[in-house]
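In the numbering used here, the protein residues as written are 897 to 1283. All residues carry an ideal CB built from backbone N, CA and C; glycine is no exception. Presented below is the structure to which this report refers.
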């Protein structure tokens, strides 16, 4: 995946030679993408991501992350069978000596998982990294953390799902908790609590305008999302801003599944001050497609989204500009946006929505979710280790 690809390594054991090979060819990348489906074959809550989407996410041609990040993928092979995988990433614009690992999936074998991490750590150290942090697939703005609680339910759109044994195996290698992030699930068929309704009934200045996204000014609205996101979350732990290229990629990736009445803004004095994005939970529609859209997957997906409809949704992006985040304005804006998304989602037929992910120490956002009756039903852990 990078110009300086690491060589393969062989590990001897009583179970037979274990080879860690760098992913270099299209065929190897396909094996890398497909491996988790085999490892989760007996997991009723596993949802195989679409092969096309995963291939684009790992393509320097399609994913703007590769413009500033070196990425290496590896497969672990034993007796001709792929038994594990891992990635390592270094953001060339970062200066803190922290590299990332991610996309970890492997059979429950201590020797195998140790070999995968040793390979990724050696690659990070060779690039001057002093700490390994993850998992990120491939950045904190994509899939983040290892699922440690909530294995009994399927993952939502763009959220991870891992085998329960991985946490203990990673911790045995010297990795400690860096941070937990939560996914909150809310029943949107229930009315909002009276206290929140009372808050929202207070009169707002005439300069406030609540509106939904308009496809007629789609690029402008997506740019507003990016601008507010970068301002709202700038002080957050390990924040990575969205670049212009990221914004363009986001616009193209989201448009096919966006409903303009599920993306809401609050403008103040004509300036977008806050936003929320609600997306249909595509995972509900692709659970039995095994990652494939051909030959009939496209028809099934479109029918399930446009005709049958899905019942679940995810709110992956939300933010309020920092200058509006305090006082009455800061208290009411998130609920105005959430109420608008909930109202339109119910009209479409959604019954529940996940708001994710939320940092464990982001108490304002946690209080908002809990005030709405949301339950932290999944926990994802980010690990770190000094190299």
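- Item | Cβ neighbours of residue 964 in the same chain (closer than 7 Å, five flanking residues each side left out) | Cβ contact annotation for residue 964 (same chain, cutoff 7 Å, sequence separation greater than five): 987, 988 and 989, in chain order.
- Message: Between the alpha carbons of residue 899 and residue 929, how many angstroms are there, rounded?
- Response: Its pLDDT being 44, under 50, residue 899 is placed unreliably by the model, and nothing is read from it.
- Message: For residue 920 and residue 952, what's the separation of their Cα atoms in angstroms?
- Response: Spanning the two alpha carbons is a distance of roughly 15 Å.
- Message: Please state whether the Cβ-Cβ distance between residue 1147 and residue 1114 is less than 8 Å.
- Response: Cβ atoms of residue 1147 and residue 1114: closer than 8 Å.
- In DSSP terms, what residue 1108 is bridged to: DSSP output for residue 1108 lists 1160 as bridge partner(s).
- Query: Is the segment 994 to 1010 touching the segment 1262 to 1269 in the sense that three or more CB pairs, one from each, lie closer than 8 Å?
  - Reply: Here the segment 1262 to 1269 does not lie against the segment 994 to 1010, with fewer than 3 beta-carbon pairs under 8 Å apart.
- Spatial neighbours of residue 1271 within its chain, please: CB distance less than 6 Å, with the 5 preceding and 5 following residues excluded, ordered by chain position. Counting only Cβ-Cβ distances below 6 Å, and skipping sequence neighbours, we find 1081.
- Task: Please specify which runs of the beta strand (DSSP E), each continuous and at least 3 residues long, are wholly inside the segment 1205 to 1236, giving them in chain order.
- Result: For the segment 1205 to 1236, whole beta strand (DSSP E) runs of length 3 or above, ordered along the chain, are 1208 to 1216.
- Message: Can you tell me whether residue 1089 is helix, strand or coil according to DSSP?
- Response: Coil, per DSSP.
- Query: What residue ranges within the segment 903 to 948 form continuous alpha helix (DSSP H) runs of no fewer than 4 residues, ordered along the chain?
  - Reply: Correct list: 922 to 935.
- Query: Sorted by chain position, which residues of the same chain lie with C-beta nearer than 8 Å to residue 1269's C-beta, five sequence neighbours on each side aside?
  - Reply: Closer than 8 Å at Cβ, skipping near neighbours: 1082, 1083, 1086 and 1089.
- Alpha carbon of residue 978 to alpha carbon of residue 916, nearest angstrom: Using only the alpha carbons, I get a separation of about 10 Å.
- Give a yes or no on whether the C-beta atoms belonging to residue 1254 and residue 1040 are separated by under 8 Å. Result no, Cβ atoms of residue 1254 and residue 1040 do not sit closer than 8 Å.
- Can you tell me the Cβ-Cβ gap for residue 1217 and residue 1128, rounded? I've got them flagged as a contact below 8 Å. Contact between residue 1217 and residue 1128 is confirmed by a C-beta separation of about 6 Å, below the 8 Å threshold.
- Throw me the rounded Cβ distance for the residue 1185 and residue 1020 pair, which I believe falls under 8 Å. At roughly 35 Å, the Cβ-Cβ gap does not stay under 8 Å, so residue 1185 and residue 1020 are not in contact.
- Going by DSSP, which residues form a beta bridge with residue 1013? DSSP, once it has assigned bridges, lists no residue as partnering residue 1013.
- Message: Which same chain residues end up closer than 6 Å to residue 851 when comparing Cβ atoms and leaving out the 5 residues on each side of it in sequence?
- Response: It is not possible to answer for residue 851, since the shown part of the chain is limited to 897 through 1283.
- So which of 1280, 1118 and 1224 has the shortest CA-CA distance to residue 1288? There is no way to answer for residue 1288, as the model of the chain reaches only from 897 to 1283.
- Message: Can you check which of these residues, 1230, 1042, 1007 and 1274, is closest to residue 973 by C-alpha distance?
- Response: That would be 1007, whose Cα lies nearest to the Cα of residue 973.
- Message: According to DSSP, simplified to helix, strand and coil, what is residue 1267?
- Response: Helix.
- Distance between residue 995 and residue 961 (C-alpha atoms, nearest Å): Cα to Cα, the separation comes out at about 14 Å.
- Counted within 10 angstroms of its Cβ, other Cβ atoms place residue 1245 as buried (16 or more) or exposed: By the 10 Å Cβ count, residue 1245 comes out exposed.
- Message: Helix, strand or coil, according to DSSP, for residue 1045 in the structure here?
- Response: In the structure shown, residue 1045 sits in a strand (DSSP, three-state: E or B).
- Would you say residue 1232 and residue 1162 are within 8 Å of each other, going by their C-beta atoms? Contact: yes.
- Message: To the nearest angstrom, how far is the alpha carbon of residue 1144 from that of residue 958?
- Response: Going by C-alpha positions, residue 1144 is about 11 Å away from residue 958.
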